[in-house]
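Residue numbers (full-length UniProt numbering): 1 to 592.
Even glycine gets a Cβ: it sits at the ideal position worked out from N, Cα and C.
Keep in mind that this is a model prediction, so the values were computed, not measured.
The structure appears right after this line, and notes come after that.
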């Protein structure tokens, strides 16, 4: 039943068109899944040609000008065909039917290709790309000291103006300010800087919203608001900047403010940060005294003021509109959007709220260039990042590293590794308490950037890495977070106000094992219903940790419930009643 070799060798020039049509279909199917096909086409068909117009896919592979060589084309088709799975081969045979290619001919092509690829004279011939031909995978991390932005993160020198200038702060700030807002924003956009407060929105785009068409016709003041209300559990990066490198933040306020044509900046600092507020206020006074702020800042002809405002420690005031409300002297409750702060912000004026780290890195990006910053990290995840590592590690720390560094490298190199070794790891919360927890098998290959963690159904957040070893009761840990979020809810939105209360109560029952098995799915559905139905993101903040727990540690929840049922002779009823409560005449809540 096999086609003879004569059947193939006798193909005419006109029949070669059928082969090319078949080949085009094969290559089209492989374009997305096998990058090595490009190497294959270039190596096998550099001398092949056809007298007819080739498919657009193959035009750039020089198949249109030379004499037809059916055998070379058939060899390429056979190589390509053998790379496919069985279902794909069946589908492509169906596509090849109009081209009058028989099954026997296709089998013979495969046989011919195998014979041609066999080793000859003791030498192995390789006709297609392999893993060895691919460029080496770049491994991010290991940030060089000369690439670090925060040079005084560990307090090796003073936080005063003289020490800051010695390490590069306020260098040629006058020239930077005089570049103008369009140039500054274009540099920030080109750098790929994304917000470091958790959302990861492109900073250049966000800042550009402050300069719409006709912005200069508006006589209102314009404000930059720096969010220094760091209240996310596990996060301790912004306080280090304000405590050790305050002039980076102050200079960043001037540069970012110039990019948005702001008249002043408000730094809203968490009330508990007494020491940080003292250091920051002293640095602001130094900058004013040196002529770096105020009227004609840095002799640039640009007027800019910086004010420090202390909050009262409410977690919800970390949300931008809630922060603005608090700054205006009102209760810290989020606003509905739109209007967005860029249109109606502080005191009804155009405003932009930005994270401390986002603002602090701006002058260094401008000085060193957008290309330098963009060269660090993966595409769309550029630059350096401050990572806070806490929990079950040998040396808890805050460190500046390159974006996209593997999680394991980050913990092993900078935090002394997991207590008891990497094999003792149970789970990691990668971006602060509001991001979903990840089990060890995901952490083994996890990259620390926005897109990679999103693909793992978690998030980079504030890059606060909370490490849990095998001694950790993860159910109790998430239950404790649920209690925190219930306490911090402002109560403005019903889904958040009631949902956070329910989740706290159910998580407490999960912790003790007195919940019912069906409540696991009920809890999952409850958290899904809260998402997207609140004014601010606090609804998602208490929902995501629970979703991560159910997604990865459901067996632990089920085991606790089963053990409690064995101890008590049956599963609990609705409302936490014992399974035999009805026998004793006790009130049973509905839905049992």
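Using only CA atoms, which one of the options lies nearest to residue i?
i: residue 541; options: 247, 371, 198; result: 198
i: residue 419; options: 546, 390, 360; result: 390
i: residue 248; options: 328, 366, 231, 335; result: 366
i: residue 297; options: 429, 174, 571, 230; result: 174
i: residue 449; options: 551, 431, 341; result: 431
i: residue 445; options: 428, 499, 212; result: 428
i: residue 563; options: 517, 238, 179; result: 517
i: residue 360; options: 204, 485, 208, 250; result: 250
i: residue 277; options: 245, 255, 262, 289; result: 245
i: residue 252; options: 155, 261, 364, 336; result: 364
i: residue 481; options: 493, 494, 501; result: 501
i: residue 270; options: 336, 313, 377; result: 313
i: residue 441; options: 472, 464, 408; result: 408
i: residue 200; options: 462, 511, 492; result: 462
i: residue 239; options: 484, 490, 275; result: 275
i: residue 489; options: 290, 536, 300; result: 536
i: residue 190; options: 149, 370, 205, 166; result: 370
i: residue 261; options: 568, 237, 215; result: 215
i: residue 149; options: 532, 372, 567, 519; result: 372
i: residue 492; options: 169, 336, 241; result: 336
i: residue 515; options: 374, 568, 188; result: 568
i: residue 457; options: 545, 142, 237, 330; result: 545
Just how far apart, CA to CA, sit residue i and residue j?
i: residue 398; j: residue 140; result: 18 angstroms
i: residue 652; j: residue 341; result: Residue 652 is absent from the structure shown; the chain starts at 1 and stops at 592.
i: residue 498; j: residue 504; result: 10 angstroms
i: residue 459; j: residue 447; result: 11 angstroms
i: residue 153; j: residue 513; result: 44 angstroms
i: residue 235; j: residue 475; result: 21 angstroms
i: residue 179; j: residue 434; result: 39 angstroms
i: residue 183; j: residue 549; result: 46 angstroms
i: residue 561; j: residue 322; result: 39 angstroms
i: residue 472; j: residue 523; result: 22 angstroms
i: residue 282; j: residue 273; result: 14 angstroms
i: residue 289; j: residue 171; result: 17 angstroms
i: residue 229; j: residue 284; result: 18 angstroms
i: residue 320; j: residue 163; result: 33 angstroms
i: residue 227; j: residue 352; result: 10 angstroms
i: residue 423; j: residue 483; result: 30 angstroms
Please state if the CB of residue j and the CB of residue i are separated by a distance shorter than 7 angstroms.
i: residue 196; j: residue 357; result: yes
i: residue 345; j: residue 326; result: no
i: residue 349; j: residue 332; result: no
i: residue 279; j: residue 354; result: no
i: residue 436; j: residue 529; result: no
i: residue 392; j: residue 467; result: yes
i: residue 308; j: residue 256; result: no
i: residue 381; j: residue 455; result: no
i: residue 464; j: residue 388; result: yes
i: residue 404; j: residue 378; result: yes
i: residue 395; j: residue 421; result: no
i: residue 538; j: residue 496; result: yes
i: residue 286; j: residue 410; result: no
Am I right that residue i and residue j are in contact with their C-beta atoms under 8 angstroms? What's the rounded C-beta distance?
i: residue 243; j: residue 302; result: Residue 243 to residue 302, Cβ: 28 angstroms. No contact.
i: residue 571; j: residue 565; result: 4 angstroms
i: residue 469; j: residue 426; result: 6 angstroms
i: residue 264; j: residue 221; result: 7 angstroms
i: residue 194; j: residue 203; result: 6 angstroms
i: residue 383; j: residue 315; result: Not really, about 27 angstroms apart at Cβ, beyond 8 angstroms.
Drop a sphere of 10 angstroms on the beta-carbon of residue i, count the other beta-carbons inside from all chains shown, and report buried for 16 or more, exposed for fewer.
i: residue 507; result: buried
i: residue 295; result: exposed
i: residue 521; result: exposed
i: residue 292; result: buried
i: residue 334; result: buried
i: residue 304; result: buried
i: residue 385; result: buried
i: residue 268; result: buried
i: residue 208; result: buried
i: residue 510; result: buried
i: residue 156; result: exposed
i: residue 338; result: exposed
i: residue 210; result: buried
i: residue 328; result: exposed
i: residue 558; result: exposed
i: residue 181; result: buried
i: residue 486; result: buried
i: residue 554; result: exposed
i: residue 376; result: buried
Check whether the Cβ of residue i sits closer than 6 angstroms to any heavy atom of the ligand ATP, and report yes or no.
i: residue 206; result: Of the ligands one can find in the structure shown there are none, so the ligand ATP has no counterpart to examine.
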